[in-house]
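In what follows, a single structure is set out as structure tokens and then discussed.
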Amino acid sequence: MKIAVLKEQVDGEQRVAATPETVKKFIALGAEIGVEGGAGLTASIDDAAYAAAGATVADRAATLADAGIVLGVQAPDPANLRGAASGAWIVAAMNPFGTGPGGGRATIDAYANAGYEALAMEFMPRITRAQSMDILSSQSNLSGYKAVLDAAAEYGRAFPMMMTAAGTVSAAKVFVMGVGVAGLQAIATARRLGAQVSATDVRSATKEQIQSLGAKPIFVENVAGIEGEGSGGYAGEMSDEYKAAQAKLVSSHIAKQDIVITTALIPGRPAPRLISDAQIATMRAGSVIVDLAVEAGGNVEGAVAGEVITVHGVKIVGHRNVPSRLAADTSALFARNLFNFLSTFWDKDAGRPVLDEEIGDAVRLTQGGKIVNPRLLS
Ligand code: NAD
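Every letter in the sequence shown is one number past the one before it in full-length UniProt numbering, and letter 184, counting from 1, is 184.
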């Protein structure tokens, strides 16, 4: 089985879907690996490192020739897959509900028409045995970390309390909204930098997690949030009563914060709006808000994807594709997720992976020329 690793085709994407470490591991399974020249450069991996690991480094056409599996970070353009074996698997984050390059329905339809089997890594079920294959977790973790560093870089003051001969600098107050994988890492990172941290979520299970990281939980009381863990641990849309109580709570808290990191997402829906323009106006000039949900519609009113803007003297940071901003580490984790996925199902006799029903049916978007995933059919 030949596995092709392509150079990413979406503008600004710096990650790569395999590293020399995973190349070696795939070869140990019996696979042959082709890497498109220059694929790893933006993630600090040169062609020589792939070649030393046993890959054949070549141009795109030679890399794709007879490949049975094509690995990507974002969905490769179907027009750029000529030469791959018939029925080849395309394994990447497929972003099937997105628009523009790197996924979208038109791309998935084109994969189906070309007879490829598209496997969407972001559809990996949230079950214990799939944790090591979960790209959303591995990438969100580093996004949470980077969000705090981005905030610190934009903030014209220090994070830790500092006692100097010239006087005391007080600690920055950081508020994290949405305490999933990214939010937990944001809390931990802000704490390590010496900030005073508070955090909120709609899932009551996060209260203990916030406290265990040394931060203060800020929760809506007397209105039901989400008790325990919902399906896959994800949040749903909240009631109007909850939203009103949350807005009131946030209004009184946010005016005292220096940094706000928002990470709230609801699968399959636009991100919930958590901060209004009027609330931003109550913050001190020079404060910073980082909206990690900006590409999903944004938690913060006025946030612009791909830009850092200033509103009422407050900087609103809306970087796109935050994982790509730490490409060396996020690529290493993404590549391991892909290897863990394919190696778990590797059938030695067949010389290729054979998926089981639970995971296969969840991630498979196209097969036999058709869209087969219920999430795309409903
Ligand atoms: P996510 O990226 O979908 O959302 C981020 C956070 O935003 C969530 O904690 C969510 O509850 C919160 N949120 C949504 N609406 C909100 C609102 N209106 N106000 C405030 N907060 C809001 O979440 P995630 O990072 O994917 O994590 C969700 C859960 O799934 C976590 O408990 C995580 O530990 C769990 N998880 C499980 C697995 C697994 O079992 N394989 C893998 C990853 C994550």
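Note that the Cβ used here is the ideal one computed from N, Cα and C, for glycine as well. If you're wondering where the values come from, they're calculated on a predicted model, not measured in any experiment.
Unbroken stretches of the alpha helix (DSSP H), 4 residues or longer, contained in the stretch 123-161: For the stretch 123-161, whole alpha helix (DSSP H) runs of length 4 or above, ordered along the chain, are 135-154.
Any non-hydrogen atom of ligand 1 closer than 7 Å to Val322 Cβ: no
Complete runs of the alpha helix (DSSP H) confined to the stretch 209-295 [at least 4 residues]: Runs of the alpha helix (DSSP H) inside the stretch 209-295: 240-254, 277-281.
Span separating the alpha-carbon of Ile359 from that of Trp89: 15 Å
Nearest to Ala190 (by Cα), restricted to the options Leu376, Gln209, Leu213: Leu213
Contact test: Leu365 Cβ vs ligand 1 heavy atom, cutoff 7 Å: no
Contacts around Asp11, its chain only, beta-carbon distance under 8 Å, and the 5 residues preceding and following it disregarded: Pro101
Check: Gly298 C-beta below 7 Å from any heavy atom of ligand 3: Looking at this structure, you won't find ligand 3 anywhere; what it does contain is ligand 1.
Where the beta strand (DSSP E) containing Ser198 begins and where it ends: 196-200
Under the three-state DSSP convention, the category Thr107 falls into: The three-state secondary structure of Thr107, taken from DSSP, is helix.
Check: Gln246 C-beta below 7 Å from any heavy atom of ligand 1: yes
Ala84 and Val70 closer than 8 Å at C-beta: yes
Test item: CB-CB of Ile261 and Ala186 under 8 Å: It is a contact, given that the beta carbons lie within the stated cut-off.
Bridge-paired residues (DSSP) for Asp347: Arg352
Counted within 10 angstroms of its Cβ, other Cβ atoms place Ser198 as buried (16 or more) or exposed: buried
Residue environment, Val354, which counts as buried when at least 16 other CB atoms sit within 10 Å: exposed
Whole-angstrom distance between Thr206 and Ala94, CA atom to CA atom: The residue you asked about is not Ala; residue 94 is Met in the sequence shown. Answer to the nearest angstrom: the Cα atoms are 29 Å apart.
Three-state secondary structure (DSSP) of Lys315: strand
Leu184 beta carbon less than 8 Å from that of Gln209: yes
Where Met1 falls: helix, strand or coil (DSSP): Collapsing the DSSP output to three states places Met1 in coil.
Proximity test, Met162 beta-carbon vs ligand 1 heavy atom, cut-off 7 Å: Closer than 7 Å to some heavy atom of ligand 1: that does not describe the Cβ of Met162.
Glu117, enclosing beta strand (DSSP E) - first and last residue: 117-120 is the extent of the beta strand (DSSP E) around Glu117.
Environment of Leu377 [buried if 16+ CB atoms lie within 10 Å]: exposed
Cβ-Cβ separation, Pro96 to Leu333 (assumed contact under 8 Å), whole Å: About 22 Å separates the two Cβ atoms, so there is no contact after all.
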